[in-house]
Amino acid sequence: MQPDISVKHLNKVYADGFRALNDINLDIKRGEIFALLGPNGAGKTTLISIICGIVNLSDGEVNAAGYDIVKDYRKARESIGLVPQELNTDAFETVWDAVSFSRGLFGKAPAPDHIEKVLKDLSLWDKRNNRIMSLSGGMKRRVMIAKALSHEPRILFLDEPTAGVDVELRRDMWEMVRKLRENGVTIILTTHYIEEAEEMADRIGVIRQGEIILVEDKSRLMSKLGKKELRLHLQNPLENIPGELTLEPVDLSDDGYELIYTFDSQQEQAGVARLLRTLGDLGIEYRDLQTRESSLEEIFVGLVHE
Amino acid sequence: MNLYGVRAIYNFEMARMRRTLMQSVASPVISTSLYFVVFGSAIGSRMGDIDNISYGAYIIPGLVMLSLLMQSISNASFGIYMPKFSGTIYELLSAPVSYLEVVLGYVGAAATKSVILGVIILITAKLFVDYDVLHPFWMFAFLVLTSITFSLFGFIIGIWADGFEKLQIVPLMIVTPLVFLGGTFYSIEMLPEIWQTISLFNPVVYLISGFRWAFYGVSDVHVGISVGMTLLFLTACMVAVWWIFKTGYRLRS
Numbered sequence: 007m008q009p010d011i012s013v014k015h016l017n018k019v020y021a022d023g024f025r026a027l028n029d030i031n032l033d034i035k036r037g038e039i040f041a042l043l044g045p046n047g048a049g050k051t052t053l054i055s056i057i058c059g060i061v062n063l064s065d066g067e068v069n070a071a072g073y074d075i076v077k078d079y080r081k082a083r084e085s086i087g088l089v090p091q092e093l094n095t096d097a098f099e100t101v102w103d104a105v106s107f108s109r110g111l112f113g114k115a116p117a118p119d120h121i122e123k124v125l126k127d128l129s130l131w132d133k134r135n136n137r138i139m140s141l142s143g144g145m146k147r148r149v150m151i152a153k154a155l156s157h158e159p160r161i162l163f164l165d166e167p168t169a170g171v172d173v174e175l176r177r178d179m180w181e182m183v184r185k186l187r188e189n190g191v192t193i194i195l196t197t198h199y200i201e202e203a204e205e206m207a208d209r210i211g212v213i214r215q216g217e218i219i220l221v222e223d224k225s226r227l228m229s230k231l232g233k234k235e236l237r238l239h240l241q242n243p244l245e246n247i248p249g250e251l252t253l254e255p256v257d258l259s260d261d262g263y264e265l266i267y268t269f270d271s272q273q274e275q276a277g278v279a280r281l282l283r284t285l286g287d288l289g290i291e292y293r294d295l296q297t298r299e300s301s302l303e304e305i306f307v308g309l310v311h312e
Numbered sequence: 007m008n009l010y011g012v013r014a015i016y017n018f019e020m021a022r023m024r025r026t027l028m029q030s031v032a033s034p035v036i037s038t039s040l041y042f043v044v045f046g047s048a049i050g051s052r053m054g055d056i057d058n059i060s061y062g063a064y065i066i067p068g069l070v071m072l073s074l075l076m077q078s079i080s081n082a083s084f085g086i087y088m089p090k091f092s093g094t095i096y097e098l099l100s101a102p103v104s105y106l107e108v109v110l111g112y113v114g115a116a117a118t119k120s121v122i123l124g125v126i127i128l129i130t131a132k133l134f135v136d137y138d139v140l141h142p143f144w145m146f147a148f149l150v151l152t153s154i155t156f157s158l159f160g161f162i163i164g165i166w167a168d169g170f171e172k173l174q175i176v177p178l179m180i181v182t183p184l185v186f187l188g189g190t191f192y193s194i195e196m197l198p199e200i201w202q203t204i205s206l207f208n209p210v211v212y213l214i215s216g217f218r219w220a221f222y223g224v225s226d227v228h229v230g231i232s233v234g235m236t237l238l239f240l241t242a243c244m245v246a247v248w249w250i251f252k253t254g255y256r257l258r259s
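Quick note, the sequences are listed as chains A and B, same order.
For the first sequence, position 11 matches number 17 in this note's numbering, and the numbering has no gaps at all.
For the second sequence, position 51 matches number 57 in this note's numbering, and the numbering has no gaps at all.
Here is the structure:
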């Protein structure tokens, strides 16, 4: 199937010589939720801005919904909705007017029914006649989402959508994202909250210093790069790690009551058995044991600091 | 052509005018009326006629031009500067609209406001000064053409400006002196010869002269030259706008 967004050899060098993106290649499939992770200044927003038409590309080719974003910019942009990172809204317009304006701007005939549905889905219906300046920050964020959805885009960009947003709105937002995906909308999001990507995304891309360093299925990424940890709660504290275990990746907690063994989740599991056998031979008894997989956050931190 | 897009921008801008009725309509009408009271009724009665036209009537075309120029520039420049300032420009830049459609929306709305304002001022002037319009069609044509041209000029200023100060500089520091020295209050022929020549470098002279010809049939320069100069300035503005969108100047990095 043709990708919904296809980025080929994309470069961006700003006028001051700063190279924001370096030979980016990326395909995003129709109907998936793709999370773009990366530290501040890595180029996430630049990449999104180029695809949406806000920033000019220096070199390369980008297609959205099958249309070249430069030659066929109308068709490409009609299919895209963008919720930018900054909370930029009109002030004096009412919610209804602002959202209707967006729909017209994107070339769609007025559809009060659709606008009504979007506003209701985002709990904005009661505020439809309020001026945007009178709304709280969270409500303004909802207005920006409503504007992005006003023209029924098939691709939705959410740039840091939950930054500074309360728990309720965040939950509503994820509910909405799930519903949109069920309706076949492709969603690309950037976030600082890695647990969100972990919970929502189908695939994850990591960008660092303007380069895509990894694109992977979320579950495969977590099993491939994730570490597992086995914690043994000891009956009696140890003062040192026994000599027989010094070759194994074992740590001892400060109080001496816990032995922590880390291993790659893909590695053959013989290590655990060997460890437990050795402990038995040494007569070290344990009350309890637990294993834990590393979170995406730990994987991410590991990746960008490599 | 994204007509819905053009309409959205146009309606958005017209709604802004309705919200700011005091500022965009009432205040220019009041300040122009003050000129009519002072120079038309009060001092005007002691001034001699110019080209056989009473002084109060003589200054009407120039005063209408003054408001038209100032309001066209400030409306259009503010219209495009505000989204840049508030950051909502992202939506315009990511929308499927061509630069022609953006210009039609913003400049169309600004020019519409100016034409409405010009008509209101002309009606108000009737209350203070008695005047007739010899060539109503040409009078209206000049009104529309000037509104479009200077709205386009204002649009360029709005894109160029990176602060509120710059937004004010051009109308206050450049346009106002040009209008005052462009024959609003006197005929260019009343000036010493050297200043007559210098005045011909002032583009506003041609606008006021042509506009006054449409009212009274008298002009400082031939009306054909006035039309030609206005169209020349309009073309220059269109080229500048075309260049701005082609290069993304101050819009797309």
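Beta carbons: idealized from backbone N, C-alpha and C, even for Gly.
- Message: Suppose contacts are defined by Cβ-Cβ distances below 8 Å. Is residue 254 of chain B in contact with residue 107 of chain B by that definition?
- Response: Stepping through the second sequence from its first residue, residue 254 of chain B is reached at position 248. Stepping through the second sequence from its first residue, residue 107 of chain B is reached at position 101. Not closer than 8 Å, so no.
- Query: For residue 247 of chain B, which option in B/37, B/131, B/166 and B/217 has the closest C-alpha, if you only look at C-alpha atoms?
  - Reply: For the purposes of this step, residue 247 of chain B is identified with residue 241 of the second sequence, where counting begins at 1. Measuring from the Cα of residue 247 of chain B, the nearest candidate turns out to be B/166.
- Message: So that I know if they touch, is there some Cβ in chain A lying closer than 8 Å to that of residue 214 of chain B?
- Response: For this step, residue 214 of chain B is matched to residue 208 along the second sequence. For residue 214 of chain B, the answer is no, since every Cβ of chain A falls outside 8 Å of its Cβ.
- Message: Which residues in chain A have a C-beta closer than 8 Å to the C-beta of residue 109 of chain B? List them in chain order.
- Response: Residue 109 of chain B sits at position 103 when you count from the first residue of the second sequence. What residue 109 of chain B touches in chain A: nothing, since even the nearest Cβ is about 14 Å away.
- Nearest chain A C-beta to residue 93 of chain B closer than 8 Å, yes or no? In the second sequence, residue 93 of chain B corresponds to position 87, counting from 1. Output row for residue 93 of chain B: interface = yes.
- Task: Within the stretch 167-251 of chain A, note down every full alpha helix (DSSP H) run reaching 4 residues or more, in order along the chain.
- Result: 173-188, 200-206 and 224-231
- On the three-state DSSP scale, how would you describe residue 127 of chain A? Here the question's residue 127 of chain A lines up with position 121 in the first sequence. Correct three-state label for residue 127 of chain A: helix.
- Along the beta strand (DSSP E) that carries residue 232 of chain B, what are the first and last residues, could you check? Within the second sequence, numbered from 1, the residue matching residue 232 of chain B stands at position 226. Counting along the chain, residue 232 of chain B falls outside any beta strand (DSSP E), though it belongs to the alpha helix (DSSP H) covering 229-253.
- Item | Contact between the stretch 237-252 of chain A and the stretch 50-66 of chain A (3+ Cβ pairs under 8 Å) | no
- Task: Report the option in B/45, B/185, B/216 and B/226 whose CA atom is closest to the CA atom of residue 234 of chain B.
- Result: The residue labelled residue 234 of chain B in the question sits at position 228 within the second sequence. Checked all of B/45, B/185, B/216 and B/226; the closest Cα to residue 234 of chain B is B/216.
- Would you mind sorting residue 100 of chain B into buried or exposed? The rule is 16 or more other CB atoms within 10 Å of its CB. The residue labelled residue 100 of chain B in the question sits at position 94 within the second sequence. Flag for residue 100 of chain B reads buried.
- Would you check if there are 3 or more beta carbon pairs closer than 8 Å linking the stretch 186-196 of chain B to the stretch 144-160 of chain B? no
- Task: Using the DSSP secondary-structure output, state which residues sit across from residue 137 of chain A in a beta bridge.
- Result: In the first sequence, residue 137 of chain A corresponds to position 131, counting from 1. Paired residues: A/100.
- Item | C-alpha gap between residue 28 of chain A and residue 177 of chain A, whole angstroms | Residue numbering aside, residue 28 of chain A sits at position 22 when the first sequence is read from its first letter. Residue numbering aside, residue 177 of chain A sits at position 171 when the first sequence is read from its first letter. The alpha-carbon atoms of residue 28 of chain A and residue 177 of chain A are separated by roughly 35 Å.
- How long is the line joining the alpha carbons of residue 124 of chain A and residue 131 of chain A, rounded to whole angstroms? The residue labelled residue 124 of chain A in the question sits at position 118 within the first sequence. The residue labelled residue 131 of chain A in the question sits at position 125 within the first sequence. Their backbone Cα atoms lie some 9 Å apart in a straight line.
- Query: Mind checking residue 201 of chain B: buried by the 16 CB within 10 Å criterion, or exposed?
  - Reply: Position 195 of the second sequence, counted from the start, is the residue given in the question as residue 201 of chain B. Exposed.
- Using a Cβ-Cβ cut-off of 6 Å (strictly less than) and excluding sequence neighbours within five positions of residue 39 of chain B, which residues of its own chain qualify? Taking the second sequence and counting its residues from 1, one reaches residue 39 of chain B at position 33. Excluding residues within five positions, the ones whose Cβ falls inside 6 Å are 130.
- Query: For residue 123 of chain B versus residue 73 of chain B, is the C-beta spacing smaller than 8 Å?
  - Reply: Numbered from 1 along the second sequence, position 117 holds the residue referred to as residue 123 of chain B. Numbered from 1 along the second sequence, position 67 holds the residue referred to as residue 73 of chain B. Yes, the Cβ-Cβ distance between residue 123 of chain B and residue 73 of chain B is below 8 Å.
- CA nearest to the CA of residue 226 of chain A, picked from A/93, A/114 and A/302: Working through the first sequence from its first residue, we reach residue 226 of chain A at position 220. Checked all of A/93, A/114 and A/302; the closest Cα to residue 226 of chain A is A/302.
- Query: Per DSSP, what kind of secondary structure is residue 131 of chain B in: helix, strand or coil?
  - Reply: Translated into positions along the second sequence, residue 131 of chain B becomes position 125. Reduced to three states, the DSSP call for residue 131 of chain B is helix.
- C-beta contact flag for residue 193 of chain A and residue 39 of chain A at 8 Å: As a working mapping, residue 193 of chain A is identified with position 187 in the first sequence. As a working mapping, residue 39 of chain A is identified with position 33 in the first sequence. Going by C-beta atoms, residue 193 of chain A is nearer than 8 Å to residue 39 of chain A.
- If you draw a straight line from the alpha carbon of residue 310 of chain A to that of residue 44 of chain A, how long is it in whole angstroms? Working through the first sequence from its first residue, we reach residue 310 of chain A at position 304. Working through the first sequence from its first residue, we reach residue 44 of chain A at position 38. Those two C-alpha atoms are separated by around 7 Å.
- Item | residue 71 of chain B to residue 127 of chain B span [Cα, whole Å] | Residue 71 of chain B sits at position 65 when you count from the first residue of the second sequence. Residue 127 of chain B sits at position 121 when you count from the first residue of the second sequence. When rounded, the distance between both Cα atoms is 10 Å.
- Query: To the nearest whole angstrom, what separates the beta carbons of residue 266 of chain A and residue 235 of chain A, a pair I think is in contact under 8 Å?
  - Reply: For the purposes of this step, residue 266 of chain A is taken as the residue at position 260 of the first sequence. For the purposes of this step, residue 235 of chain A is taken as the residue at position 229 of the first sequence. The pair is a contact, with the Cβ atoms about 6 Å apart (cut-off 8 Å).
- Of the listed residues B/44, B/79 and B/133, nearest to residue 180 of chain B (C-alpha basis): Along the second sequence, one-based indexing puts residue 180 of chain B at 174. Checking every option, the nearest Cα to that of residue 180 of chain B belongs to B/79.
- Task: May I have the straight-line CA-CA distance separating residue 188 of chain A from residue 12 of chain A, to the nearest angstrom?
- Result: For the purposes of this step, residue 188 of chain A is identified with residue 182 of the first sequence, where counting begins at 1. For the purposes of this step, residue 12 of chain A is identified with residue 6 of the first sequence, where counting begins at 1. In a straight line, the C-alpha of residue 188 of chain A is about 22 Å away from that of residue 12 of chain A.
- Query: What residues in its chain sit with their C-beta under 7 Å from that of residue 297 of chain A, if we drop five residues either side in the sequence?
  - Reply: The residue given as residue 297 of chain A occupies position 291 in the first sequence. 234, 235 and 236, listed in sequence order.
- Query: Using the beta-carbon count (16 or more within 10 Å), is residue 44 of chain B buried or exposed?
  - Reply: For this step, residue 44 of chain B is matched to residue 38 along the second sequence. So residue 44 of chain B ends up on the exposed side.
- Query: For the beta strand (DSSP E) that contains residue 51 of chain A, what are its first and last residues?
  - Reply: The residue you call residue 51 of chain A lines up with position 45 of the first sequence. Looking at the DSSP string, residue 51 of chain A is not in any beta strand (DSSP E); the run it does join, the alpha helix (DSSP H), is 50-58.
- Message: Let's test the definition: count the other Cβ atoms within 10 Å of the Cβ of residue 118 of chain A and tell me whether it reaches 16, buried, or not, exposed.
- Response: Counting from one through the first sequence, the residue named residue 118 of chain A turns up at place 112. It counts as exposed.
- Message: Between the alpha carbons of residue 34 of chain A and residue 219 of chain A, how many angstroms are there, rounded?
- Response: One-based indexing of the first sequence puts residue 34 of chain A at position 28. One-based indexing of the first sequence puts residue 219 of chain A at position 213. Going from the Cα of residue 34 of chain A to the Cα of residue 219 of chain A covers about 15 Å.
- Return yes when the Cβ of residue 157 of chain A is within less than 8 Å of the Cβ of residue 114 of chain A, no when it is not. In the first sequence, counting from the first residue as 1, residue 114 of chain A sits at position 108. In the first sequence, counting from the first residue as 1, residue 157 of chain A sits at position 151. Their beta carbons are under 8 Å apart, which means residue 114 of chain A touches residue 157 of chain A by this criterion.
- Just the chain B side, please: which residues come within less than 7 Å of residue 108 of chain A by C-beta, in chain order? Indexing the first sequence from 1 puts residue 108 of chain A at position 102. Within chain B, the residues near residue 108 of chain A are 97.
- Message: Check whether the stretch 88-104 of chain B and the stretch 78-94 of chain A are in contact - that is, three or more C-beta pairs closer than 8 Å.
- Response: yes
- Write down the C-beta distance between residue 93 of chain B and residue 19 of chain B rounded to the nearest angstrom, noting that I regard them as a contact closer than 8 Å. The residue labelled residue 93 of chain B in the question sits at position 87 within the second sequence. The residue labelled residue 19 of chain B in the question sits at position 13 within the second sequence. With a Cβ gap of about 18 Å, residue 93 of chain B and residue 19 of chain B do not count as contacting.
- Check the C-beta distance from residue 68 of chain B over to residue 189 of chain B and give it rounded, since I have them as a contact under 8 Å. Numbered from its first residue, the second sequence carries residue 68 of chain B at position 62. Numbered from its first residue, the second sequence carries residue 189 of chain B at position 183. At roughly 6 Å, the Cβ-Cβ gap stays under 8 Å, so residue 68 of chain B and residue 189 of chain B are in contact.
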